[in-house]
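Following this note's numbering, the numbering of the sequence shown begins with 54 at its first residue and continues without gaps. From the three backbone atoms N, C-alpha and C, an ideal C-beta is built for every residue, glycine too.
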Amino acid sequence: MSISQQAFLRDAMRRLNLTRDLFAARIGVKRRALDTWLLPEGSQEFRTMPEVVERFVGEIVQNSDLLEKYTQSAQPGPLRDRIAWRGKHQLISVDQFTRESAEDLFRVADMMQPIARRRKVSRVLEGAVLGNLFFEASTRTRVSFGSAFCRLGGSVCDTTGFTFSSMAKGESIYDTSRVMSGYVDALVVRHPEKGSVAEFAAATNIPVVNAGDGPGEHPSQALLDLYTILTEFSRLGKLLDGAHVAMVGDLKYGRTVHSLIKLLSLYKGIKFSLVAPRGLEMPEAVIEQAARNGNVIEQKSSLAEGLSGADVIYATRVQKERFIGEDAESAYTPDFQVSKATINAYCSPDTIVMHPLPRDSREGANDLSTDLNDDSRLAIFRQTDNGIPIRMAIFAVLLGVEDLVQHSMRDVTWRHPSHVGPDDSSFHGLD
Ligand code: ASP
Ligand code: CP
Numbered sequence: 054m055s056i057s058q059q060a061f062l063r064d065a066m067r068r069l070n071l072t073r074d075l076f077a078a079r080i081g082v083k084r085r086a087l088d089t090w091l092l093p094e095g096s097q098e099f100r101t102m103p104e105v106v107e108r109f110v111g112e113i114v115q116n117s118d119l120l121e122k123y124t125q126s127a128q129p130g131p132l133r134d135r136i137a138w139r140g141k142h143q144l145i146s147v148d149q150f151t152r153e154s155a156e157d158l159f160r161v162a163d164m165m166q167p168i169a170r171r172r173k174v175s176r177v178l179e180g181a182v183l184g185n186l187f188f189e190a191s192t193r194t195r196v197s198f199g200s201a202f203c204r205l206g207g208s209v210c211d212t213t214g215f216t217f218s219s220m221a222k223g224e225s226i227y228d229t230s231r232v233m234s235g236y237v238d239a240l241v242v243r244h245p246e247k248g249s250v251a252e253f254a255a256a257t258n259i260p261v262v263n264a265g266d267g268p269g270e271h272p273s274q275a276l277l278d279l280y281t282i283l284t285e286f287s288r289l290g291k292l293l294d295g296a297h298v299a300m301v302g303d304l305k306y307g308r309t310v311h312s313l314i315k316l317l318s319l320y321k322g323i324k325f326s327l328v329a330p331r332g333l334e335m336p337e338a339v340i341e342q343a344a345r346n347g348n349v350i351e352q353k354s355s356l357a358e359g360l361s362g363a364d365v366i367y368a369t370r371v372q373k374e375r376f377i378g379e380d381a382e383s384a385y386t387p388d389f390q391v392s393k394a395t396i397n398a399y400c401s402p403d404t405i406v407m408h409p410l411p412r413d414s415r416e417g418a419n420d421l422s423t424d425l426n427d428d429s430r431l432a433i434f435r436q437t438d439n440g441i442p443i444r445m446a447i448f449a450v451l452l453g454v455e456d457l458v459q460h461s462m463r464d465v466t467w468r469h470p471s472h473v474g475p476d477d478s479s480f481h482g483l484d
């Protein structure tokens, strides 16, 4: 098999749109057996899937009516051409994706998992240089894009803040982008103005990835969020079609929720509950776009109304740095804080709690509470860990090397703990 059995099985379940239980029943095996085939190879309980099962699954996927429907809408050709932005291999908005192309990217991310989990290494991007241009604060996005590029064998040049860039001397986006393109093979850009990363992209032919453009979009975050939801739902035996997703917090300036709601709306029958303090509601244009696919979007004014029965709670930080005249302190009262008490009151044991991070943990911030840290429903660190395989997949696809990755893998030479966080749940990192 050219891909790992875990990636093969996960892809089959996604294509057939079946939960693990239904998939196990469909191929006539016990759910427990399926679980052991999906475990990482290093795990004690991992088992190799029998060849006959592999052939059978392959046949079902090939013959499925669903797959036919699925491939009819997809255009042929390499993924990077199907998701191209104005004909270029760049990632500026989630609008570039269909459900099929997003799931094709997740197939590449699944393939990256052994590298992301430090079991394998690859040098498939050896010699390539990434330019990381961050004109706004960042921990996750900057470091995980850099780490993803390095883990594929490339190297990274970083610029952070305006102060240390010649933009402080009045250099334009056009000139900066063109100059950088002569030095590096791909650019990741974060900038405080909406539309600015698209300007960088228009001024070059090398791959550019939007790492956040003001209150606009954060497409790689939304992709890793969707990947996390699908992975968590697979473990919990749920399907995303028909799920209830609650988004809480600053939905006006939060670019992660703008990208995420649009991406999630590619699925069917989703109920969105939007809970925002007055004045920080989701922009109408984003709501209109997300509602196009027939999904239900309800605006609620309290957590009690919005969180009841939610499968996913996506909390966000108040984007004070973007406020123009709004009263940041009074808008976001303690009533909007997602905590253990709120989850216990309104949600079930299989609700997952997400946040793009950073959460503001300072006193009086009312952001996602730290009292959930030892609660396995808190998926925030599984979410951040997923940033690596997703960003590796983005680079591999944009640079056209995804078909070379599998054969380029070698075993790592060092040992890495299976659970990096002291509070990680037993299933953290496992599928
Ligand atoms: N880190 C995310 C972003 O840059 C969310 C946040 O900062 O609140 O959009
Ligand atoms: N989620 C996110 O974008 O985090 P950073 O702002 O730390 O990059």
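Check                                                                                                                                                                      : Outcome
Please look up how many angstroms separate the CB atoms of arginine 133 and valine 450, rounded, as I've assumed it's under 8 Å.                                           : 5 Å
Would serine 479 be called buried (16 or more neighbouring beta carbons within 10 Å of its own) or exposed?                                                                : exposed
For alanine 449, which of helix, strand or coil comes out of DSSP?                                                                                                         : helix
Take leucine 360 and list the residues in its own chain whose beta-carbon comes closer than 7 Å to its own, dropping the five residues that flank it on each side.         : Ala299, Ile366, Thr395, Tyr399 and Cys400
Is arginine 375 a contact residue of the ligand ASP, with contact defined as CB to any heavy atom under 7 Å?                                                               : no
Using a threshold of 7 Å, is the CB atom of leucine 410 nearer than that to any non-hydrogen atom of the ligand ASP?                                                       : yes
Specify whether the stretch 222-231 and the stretch 271-290 touch according to this definition: at least 3 beta carbon pairs, one from each stretch, less than 8 Å apart.  : no
Can you pull the DSSP bridge partners for alanine 239?                                                                                                                     : Leu183
Out of Ile377, Ala181 and Ala264, which one is the CA nearest neighbour of glutamate 189?                                                                                  : Ala264
Helix, strand or coil: which one does DSSP assign to leucine 467?                                                                                                          : Note on identity: in this sequence residue 467 is tryptophan, with leucine being the wrong assignment. If DSSP states are grouped into helix, strand and coil, tryptophan 467 belongs with coil.
Name the residue from Pro129, Ala77, Gly140 and Phe99 whose alpha carbon lies nearest to the alpha carbon of proline 260.                                                  : Gly140
Could you have a look at glutamine 125 and say whether DSSP puts it in helix, strand or coil?                                                                              : Model confidence at glutamine 125 stands at a pLDDT of 45, short of 50, so the residue's coordinates are unreliable; what they give is reported in the following sentence. If DSSP states are grouped into helix, strand and coil, glutamine 125 belongs with the helices.
Valine 209 lies in the alpha helix (DSSP H); which residues open and close that run?                                                                                       : Here valine 209 belongs to no alpha helix (DSSP H); instead the beta strand (DSSP E) covers 208-213.
For the stretch 73-161, list the alpha helix (DSSP H) runs that are entirely contained and at least 4 residues long, ordered along the chain.                              : 73-80, 84-91, 104-116, 118-126 and 132-135
If we call anything under 8 Å between Cβ atoms a contact, is proline 129 one with glycine 453?                                                                             : no
If you compare alpha carbons, which of Glu104, Pro103 and Thr89 is closest to glutamine 97?                                                                                : Thr89
So does histidine 311 have its beta carbon nearer than 7 Å to some heavy atom of the ligand ASP?                                                                           : no
Name the DSSP bridge partner or partners of serine 326?                                                                                                                    : Ala299 and Glu351
Just list the residues that DSSP pairs tyrosine 367 with in beta bridges.                                                                                                  : Met300 and Met407
Is it the case that the CB of arginine 135 approaches a heavy atom of the ligand ASP more closely than 7 Å?                                                                : no
Rank Arg243, Thr192, Val174 and Gly290 by C-alpha distance to the C-alpha of cysteine 203 and give the top, closest one.                                                   : Val174
Going by Cα to Cα distance, which pick from Asp64, Ala60 and Val110 is closest to valine 82?                                                                               : Val110
Among the candidates Ala137, Ala65 and Ile145, whose CA atom is the shortest distance from the CA of arginine 108?                                                         : Ala65
Using only the alpha-carbon positions, how far apart do glutamate 416 and leucine 87 sit?                                                                                  : 45 Å
So what does histidine 244 bridge to, in DSSP terms?                                                                                                                       : Asp266
Can you grab the Cα-Cα spacing for the pair isoleucine 113 / tyrosine 227, in whole Å?                                                                                     : 50 Å
Alpha carbon to alpha carbon, how far is glutamate 337 from valine 310?                                                                                                    : 13 Å
For glutamate 270 versus arginine 231, is the C-beta spacing smaller than 8 Å?                                                                                             : no
Would a C-beta distance cut-off of 8 Å place valine 209 and leucine 183 closer than the cut-off?                                                                           : yes
What did DSSP end up calling valine 174 once you bin it into helix, strand or coil?                                                                                        : strand
Quick one: what does DSSP say valine 391 is sitting in, helix, strand or coil?                                                                                             : coil
Output needed for methionine 335: all residues of its chain with C-beta closer than 6 Å, excluding positions within five of it in sequence on either side, in chain order. : Leu304 and Leu327
Pick helix, strand or coil for leucine 333, following the three-state DSSP scheme.                                                                                         : coil
Tell me whether aspartate 148 is buried or exposed, calling it buried when 16 or more other Cβ atoms sit within 10 Å of its Cβ.                                            : exposed
For glutamate 351, which residues in the same chain have their Cβ closer than 6 Å to its Cβ, ignoring the five residues on either side in sequence?                        : Ser326
Beta carbon of histidine 244: closer than 7 Å to some heavy atom of the ligand MG?                                                                                         : In the structure on display, the ligand MG does not appear, and the ligands it does have are the ligand ASP and the ligand CP.
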